[in-house]
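Take any residue in the sequence shown, count from 1 to its spot, add 438: that is its number in our numbering.
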Amino acid sequence: MTDFPELAGWAIIFLPLLSFLIIALVLRPFYGHRPKLAGYLTIAAIGGSAVLSLWALSAINAAKDHVIVMPSHTWLEIGNLKIDFGLRLDGLTAIMLVVVSSVSFLIQIYSQGYMHGDPGYPRYYAAMSLFTMAMLGVVLASNLIFLYFFWELVGLCSYLLIGFWFQRPSAANAAKKAFIVTRFGDFGFLLAILYIFLKTSGLPGGPSFDIAQLHEWAAAGALGGTALTLLALGVFAGAAGKSAQFPLHTWLPDAMEGPTPVSALIHAATMVAAGVFLVARMFPLYEHSEQALRVVAYIGAITLVFAATMGVVANDIKRVMAYSTISQLGYMMLGLGVGSVAAGIFHLFNHAFFKALLFLGAGSVNHATGTFDMRLMGGLRKAMPWTFAVLTIASLSLAGIPPFSGFWSKDEVLANARENNILFGLALVGVFLTAFYVMRMMFLTFGGKYRGGAAPEHGPAAPAHDAGHGPATSAHGGGHKALHESPWVMVGPMVVLAVLAIVSGIANFPSHWMSELLGEHGEDLDLGLAAGSVLVALAGMFLAYAMYSARWLSADAFGQAFKPLYTLVSRKYYMDELYENIIVGNVVYRWGAGLSHWIDRNLVDDFGNMVGWVGRNAGGVVARLQTGQVQAYGLVLSAGILVMLVAALLWGK
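Here it is, written out as structure tokens:
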């Protein structure tokens, strides 16, 4: 059946929105004795969206050209400008709908156990409903104006959820940092939208923000080469901010201050995926601009290596996963930048499942140990067998080991990048570093003996969940805490994600259904390339084993031998210091604010004072002329008439 009613498409967005409104406005009187109502409602609403998303995928897969045309509705009409809102249903939409709704659905179930007892439980689920709705709106929007509306709503929701525990200064600061840093990218996106209005005003049917119309103009060359490049780069600025691409990546590691399920949703299916989706959605602009494609490819390649190096030295398990996300987003951008939407989106599809699983696994070990510091973990394999098993699957998928899903999509990115030696070389370096840091995480967390953990602190300043974020204050803090596996409400969603982390990659071969759904021809597996990438990954895994399990090599000795490099990487290349101390502290505050203060004091104030002085003193001069003597007035009048007569004689006709 190819029919997919418009009402069902709108329901995908409005079910989570309705959940948000009911939790925020209707259920408040029941929070005291029935707080779990908020969780049940959110799970039901997002579950409904997931079912409708699967229906949409089936319908689009069966439709002609994999596109279902939906009617548009006029929102605003001023002169020639007509802004419509509607739904765009194609292969890209179908894939993203399934990713967003299914991953969010599983995370909401997991949150039932993770957020149990938190005083902000209803507020959490209200924000998660709104967050999911906003991302679904980004995916379904047929018009750039409405896409931008949902785009900014995604940013707002990330601010609310990263700073969920706003009593903590670190969480409040992280939320502000994420909101401000991504604004720089969004400003570029906004400029691109304004430039679209300028460039399309003179075109037949213009101006227009309709995505399909923009695709047609780009393919026909109606926008011009330079304009097309500028538009593509403006759109990419917004994508780079949301997807934490260099140099706008600094907000994402700090976003770990939010609850772990929030981190899982941000890193797997919502905010960071929005940037990759935006480039894929507007790909015809890039397809006809070689310069813009090259920028996307090189920024992606630089980001994937840059972030992976920081993941190698991080000790906080969630921050390791955060740097991993930045690096994997670089792979997706690289795939898009070398001209393959299928490669980039296929990796996004697979990454959503195993990265959500990695974050939920991190939350599971925190639930048992009270800390995210891997140096205080160890020996969890026997105490947490289910968590160990699912994290092993997720780690092998991230490392690119067959038959797990990450292998298939990463290999497709490598296959498309191999014509450029620099990009291909950077991608292989990323393969090695990824395998190293993810196995380092596994050995530190589950290998060896338990190193004490940390007792979770309670109270509003440090909520029970995620309380151990960052290094513990005592090497033996929490040693009294009995290790245990997480409850099934948390383990169950992880098991489902583990299954998806195995089958999602295999499902695309040999049929290449995803490539065909996205309008591309699928490439057969290159066994030589695949074997080479697996060997590189195995080398990284072996090095991690030698350093952190067998202890043949000393990690401390390596750190001392390369201390300047280790310090540089562990300090995140001093990017935070560059932004916060030099750019914000000196350029913006000291110089910018200082210059503004000088202008205000010496120019604006002095000009105002001068106007007042002139007013006061000019009045005094005029007052002196008002003598009250008629003969003086007659003299001035006669002199004026005489001047006018002389002027008429000299210059008159």
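A virtual CB, placed ideally from N, CA and C, is assigned to each residue, including glycine.
DSSP three-state assignment for residue i, whether helix, strand or coil
{"i": "I839", "result": "coil"}
{"i": "E515", "result": "strand"}
{"i": "G486", "result": "helix"}
{"i": "V505", "result": "strand"}
{"i": "D413", "result": "Nothing about residue 413 can be reported from this structure: the residues present for the chain run from 439 to 1091 only."}
{"i": "A913", "result": "Here the model assigns A913 a pLDDT of 33, short of 50, so the residue's position is not dependable and the matter cannot be decided."}
{"i": "P894", "result": "Summary for P894: the model assigns pLDDT 47, below 50, so the residue's position carries little reliability; its value from the coordinates is reported in the next sentence. Coil at P894, not helix or strand."}
{"i": "D964", "result": "coil"}
{"i": "D692", "result": "helix"}
{"i": "D1038", "result": "helix"}
{"i": "D1014", "result": "helix"}
{"i": "D754", "result": "strand"}
{"i": "D648", "result": "strand"}
{"i": "N1019", "result": "helix"}
{"i": "C595", "result": "helix"}
{"i": "Q766", "result": "helix"}
{"i": "W1029", "result": "helix"}
{"i": "D994", "result": "helix"}
{"i": "M822", "result": "coil"}
{"i": "L641", "result": "coil"}
{"i": "A449", "result": "helix"}
Top-ranked residue by Cα proximity to residue i, from the options
{"i": "G626", "options": "G640, A677, I481", "result": "A677"}
{"i": "F744", "options": "T688, A794, Y724", "result": "T688"}
{"i": "K793", "options": "A781, M759, R813", "result": "M759"}
{"i": "S835", "options": "V972, A1056, G575, L479", "result": "V972"}
{"i": "L798", "options": "T512, A1070, G930", "result": "G930"}
{"i": "E850", "options": "V751, H950, A821, V937", "result": "H950"}
{"i": "G868", "options": "M812, Q1069, M748, I940", "result": "M748"}
{"i": "H959", "options": "W926, A984, N854, Y1011", "result": "N854"}
{"i": "S924", "options": "I1020, A977, G808", "result": "G808"}
{"i": "G397", "options": "S542, G1066, N499", "result": "Because the chain in this structure spans residues 439 to 1091, residue 397 falls outside the shown range and cannot be described."}
{"i": "A702", "options": "M932, G659, E725, W589", "result": "M932"}
{"i": "L686", "options": "R621, G672, K637, S646", "result": "R621"}
{"i": "V734", "options": "V464, G713, L690, L652", "result": "G713"}
{"i": "V700", "options": "Y559, M508, S491, V941", "result": "Y559"}
{"i": "L636", "options": "A746, S580, L519, G782", "result": "L519"}
{"i": "L965", "options": "L852, I498, G1066", "result": "L852"}
{"i": "V941", "options": "I1020, F996, I831", "result": "I831"}
{"i": "M553", "options": "W448, W1089, N804, A936", "result": "N804"}
{"i": "F407", "options": "L530, L668, N1055", "result": "Nothing can be reported for residue 407, as the shown portion of the chain is limited to 439 through 1091."}
{"i": "L574", "options": "W589, Y562, L463, K1010", "result": "W589"}
{"i": "S765", "options": "Y633, S549, L866", "result": "L866"}
{"i": "K614", "options": "D624, A1070, G601, I547", "result": "G601"}
{"i": "L690", "options": "L1075, M1013, N1047", "result": "M1013"}
{"i": "L599", "options": "A497, W655, Y562", "result": "Y562"}
{"i": "H726", "options": "A781, A656, R1009", "result": "A656"}
{"i": "S843", "options": "I1020, A1061, A781, G1053", "result": "A781"}
Same chain, Cβ closer than 7 Å to residue i, five either side skipped, listed in chain order
{"i": "I839", "result": "F845, V972, A975"}
{"i": "N946", "result": "F784, W846, M952"}
{"i": "P901", "result": "Summary for P901: the model assigns pLDDT 44, below 50, so the residue's position carries little reliability, and this model does not support an answer."}
{"i": "V577", "result": "T531, M534, L535, V538, F715"}
{"i": "H653", "result": "P722"}
{"i": "R757", "result": "P691, M694"}
{"i": "I649", "result": "R526, S580, N581, L582, R719"}
Nonlocal neighbours in the same chain, by C-beta distance under 6 Å from residue i, ignoring five residues either side
{"i": "S778", "result": "N854"}
{"i": "A993", "result": "M985"}
{"i": "R856", "result": "F862"}
{"i": "L582", "result": "I631, F647"}
{"i": "A790", "result": "V537, V541, A706, A707"}
{"i": "G775", "result": "L731, V734, A735, G738"}
{"i": "M1082", "result": "none"}
{"i": "H914", "result": "Per-residue confidence for H914 stands at a pLDDT of 34, beneath the threshold of 50, marking its modelled position as unreliable; the derived number appears in the next sentence. Here the set comprises G890."}
{"i": "P645", "result": "L519, F635, T638, S639"}
{"i": "G623", "result": "A675, G676, A678, G679, L686"}
Same chain, Cβ closer than 8 Å to residue i, neighbours up to 5 away in sequence not counted
{"i": "A977", "result": "F870, A873"}
Residue-chain proximity (residue i, chain C), Cβ-Cβ < 8 Å
{"i": "L599", "result": "In the structure shown, chain C does not exist; there is a single protein chain."}
Inspect the CB distances between the region 722-730 and the region 818-826 and report whether three or more fall short of 8 Å.
no
Okay, do the region 560-571 and the region 440-460 touch, 3+ Cβ pairs below 8 Å being the bar?
yes
Length-filtered (3 minimum) beta strand (DSSP E) runs lying within the region 514-589
519-523
Below 8 Å, can you find three or more Cβ-Cβ pairs linking the region 769-781 to the region 716-725?
yes
Evaluate contact between the region 669-685 and the region 702-712, counting only Cβ atoms and requiring at least three cross-stretch pairs below 8 Å.
Yes: at least three Cβ pairs fall under 8 Å.
Evaluate the contact criterion for the region 651-667 versus the region 529-539: three or more CB pairs, one atom per stretch, below 8 Å.
no
Please give the ranges of any alpha helix (DSSP H) in the region 940-964, keeping only runs that are unbroken, at least 4 residues long and fully inside the region.
Listed in chain order, the alpha helix (DSSP H) runs fully inside the region 940-964 are 951-955, counting runs of at least 4 residues.
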